[in-house]
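Residue numbers (this note's numbering): 30 to 371.
Following: one structure in structure tokens, then a few remarks.
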């Protein structure tokens with residue numbers, strides 16, 4: 030099959046022929062119809078993830094058609110249209126038994142623990158636990174972004190942040206996760222302040238329903254406090270940087286909830302958490318890590334009803350030969366880039 034490969038961290042990304050994957054006994058192989066290019070892929074290519082073993086094929090946001098099925102798979106057949114969370118759960122550990130597969134202790138992740146979906150085919154583990162059936166009318170380009178960015182934002186806003194109608198929500202970083210969070214928060218009845226340093230990203234945030242936008246290069250906490258009358262009820266760091274994490278916490282009103290969504294690799298520097306402020310304001314600091322396959326139906330029903338529009342976030346469809354340059358340039362252009370031809 031054709032796949033995007035790198036052989037050194039931060040090194041060249043080239044498309045070449047590699048062996049086709051085979052399904053595990055409880056897994057499947059999916060013919061990839063679309064694969065998103067995400068900041069997490071950039072972290073893996075940059076050497077920030079200890080699970081990545083070279084040479085490597087990145088890609089973890091995917092949708093496609095089941096092409097091969099292991100002999101222990103019961104619920105899926107060749108030809109099924111599917112997507113999958115970026116965290117593939119084992120289905121047996123304590124967190125999985127509690128319905129929290131997104132923090133499975135034995136998790137696998139395409140594009141990290143094994144070769145990923147920036148290729149014609151990808152192998153996925155524990156198919157009966159992790160695969161999600163797609164609506165027949167949902168394009169693969171739309172579905173690809175659900176596995177990481179959109180589903181991650183959905184759970185961060187609704188399940189972890191527990192945003193309520195009328196609350197102020199600040200979203201720091203308006204890439205794929207941030208724009209998804211803006212859209213989900215607005216659909217939940219919240220009033221949203223979007224923060225970014227790129228005018229194009231802020232324009233997309235306004236199109237997604239943000240009531241106010243703030244230039245991230247300025248005094249963000251002061252601006253958010255003024256716009257919201259005292260600070261956000263919920264603030265999300267959707268980028269994953271020391272400055273956005275700190276700004277998010279400092280943007281909260283008393284008893285507010287900070288949700289850390291963007292990755293914070295130690296190699297890029299650890300944020301200094303203002304614990305004095307956390308204590309004085311009784312702030313809640315929460316982490317959010319994807320969404321289990323079992324939780325997809327609520328999100329899919331809102332998409333089918335037209336209340337959520339992940340399709341509006343896809344701004345570029347690419348061929349596999351252009352994927353390497355797009356991965357290196359993640360964050361420079363607003364919106365989501367998706368590879369749709371292989």
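All C-beta atoms in this analysis are idealised placements derived from N, C-alpha and C, irrespective of residue type, glycine included.
Among the residues of its own chain, which have a CB less than 8 Å from the CB of residue i, if the five just before and after it don't count?
{"i": "residue 215", "result": "221, 237, 238 and 239"}
{"i": "residue 195", "result": "218, 219 and 220"}
{"i": "residue 33", "result": "42, 43, 44, 86, 87, 88, 147, 148, 349, 352, 353 and 356"}
{"i": "residue 362", "result": "229, 344 and 345"}
{"i": "residue 19", "result": "This structure does not reach residue 19, given that the chain is present from 30 up to 371, and the question cannot be answered."}
{"i": "residue 108", "result": "94 and 95"}
Out of the options, which has the shortest C-alpha to C-alpha gap to residue i?
{"i": "residue 304", "options": "125, 275 and 189", "result": "275"}
{"i": "residue 204", "options": "186, 193 and 226", "result": "226"}
{"i": "residue 175", "options": "324, 309 and 118", "result": "324"}
{"i": "residue 364", "options": "353, 40 and 339", "result": "339"}
{"i": "residue 54", "options": "73, 101, 90 and 72", "result": "101"}
{"i": "residue 247", "options": "268, 235 and 272", "result": "272"}
{"i": "residue 297", "options": "192, 72 and 312", "result": "72"}
{"i": "residue 258", "options": "299, 198 and 105", "result": "198"}
{"i": "residue 134", "options": "117, 68 and 82", "result": "117"}
{"i": "residue 331", "options": "228, 180 and 289", "result": "180"}
{"i": "residue 40", "options": "75, 47 and 94", "result": "75"}
{"i": "residue 62", "options": "111, 360 and 190", "result": "111"}
Apart from the five residues just before and just after residue i, which ones in its own chain have a Cβ nearer than 6 Å to its Cβ?
{"i": "residue 224", "result": "201, 243, 245 and 249"}
{"i": "residue 123", "result": "none"}
{"i": "residue 348", "result": "370"}
{"i": "residue 142", "result": "80"}
{"i": "residue 269", "result": "291, 292 and 293"}
{"i": "residue 178", "result": "205, 206 and 209"}
{"i": "residue 58", "result": "50, 52, 96, 97, 150 and 152"}
{"i": "residue 277", "result": "201, 264, 266 and 287"}
{"i": "residue 321", "result": "130 and 131"}
{"i": "residue 93", "result": "59, 60, 61 and 62"}
Whose C-beta lies closer than 7 Å to the C-beta of residue i among residues of the same chain, with five residues either side of it excluded?
{"i": "residue 260", "result": "253, 254, 280, 281, 282 and 285"}
{"i": "residue 351", "result": "none"}
{"i": "residue 333", "result": "164"}
{"i": "residue 213", "result": "182, 183, 186, 187 and 337"}
{"i": "residue 208", "result": "233, 234, 237 and 342"}
{"i": "residue 346", "result": "170, 367 and 369"}
{"i": "residue 36", "result": "83 and 84"}
Taking DSSP as the reference, what is the three-state secondary structure of residue i?
{"i": "residue 35", "result": "strand"}
{"i": "residue 281", "result": "strand"}
{"i": "residue 255", "result": "helix"}
{"i": "residue 262", "result": "strand"}
{"i": "residue 311", "result": "coil"}
{"i": "residue 370", "result": "strand"}
{"i": "residue 106", "result": "coil"}
{"i": "residue 214", "result": "helix"}
{"i": "residue 197", "result": "strand"}
{"i": "residue 345", "result": "strand"}
{"i": "residue 72", "result": "helix"}
{"i": "residue 127", "result": "coil"}
{"i": "residue 142", "result": "coil"}
I'd like to confirm the pairing. Which residues does DSSP put opposite residue i in its beta bridges?
{"i": "residue 85", "result": "35"}
{"i": "residue 117", "result": "137"}
{"i": "residue 66", "result": "366"}
{"i": "residue 289", "result": "266 and 316"}
{"i": "residue 90", "result": "65"}
{"i": "residue 241", "result": "222"}
{"i": "residue 231", "result": "Answer is none; residue 231 lacks a bridge partner."}
Completely contained alpha helix (DSSP H) runs for the stretch 146-187, where each covers 4 or more residues
156-159, 169-173 and 180-183
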